[in-house]
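Everything in the sequence shown is counted per numbering that gives the first Met the number 0, starting at 0 for the first residue and increasing by one.
A virtual CB, placed ideally from N, CA and C, is assigned to each residue, including glycine.
Here the structure is a predicted model, which is why all the values come from computation and not from measurement.
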Amino acid sequence: MSENISKKYQGFSKSIDKNGKYTTEKYIGTKDQCETFAEDYTIGDISDYGTLRSVKIEQDDGIFWIVTLEWSTEKDDDRK
Numbered sequence: 000m001s002e003n004i005s006k007k008y009q010g011f012s013k014s015i016d017k018n019g020k021y022t023t024e025k026y027i028g029t030k031d032q033c034e035t036f037a038e039d040y041t042i043g044d045i046s047d048y049g050t051l052r053s054v055k056i057e058q059d060d061g062i063f064w065i066v067t068l069e070w071s072t073e074k075d076d077d078r079k
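Below you can see the structure in the form of C-alpha cells.
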C-alpha cells in the first residue's frame, strides 16, 4: 500500500512513531491533499501496523495540514 501512497500523494511528508502495540503515522500536505488522503481510510481497516483506531485531520501552525492515522495491534484498544 505504501507504494501506492507515495505515487498518489507526492509532496507528502510522512513520519511513523511505533510505541509498543501502537503505531502513529502522520502525513503533512495541503488541506486538499489531506482530505483526499483521509477518505481512503476507515476505522477498522487492517494494515501491517494492526487495526486503524482513528483518523484525524488538523491544521499545522501554517499553511500545512496533518493527517494522523493511529493503529493498534490490540484487539480491544482502551487508549483514548
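- Following the DSSP letters along the chain, one finds Thr35 in no beta strand (DSSP E) but inside the alpha helix (DSSP H) bounded by residues Lys30 to Ala37.
- Just measuring C-alpha positions, the residue of Ser12, Thr22 and Phe63 sitting nearest Ile45 is Thr22.
- In its chain, beyond the 5 residues on either side, Trp64 have a beta carbon closer than 7 angstroms to the beta carbon of Lys30.
- Between Tyr26 and Arg52, the alpha-carbon positions lie close to 16 angstroms from each other.
- The C-alpha of Lys74 lies about 9 angstroms from the C-alpha of Gly49.
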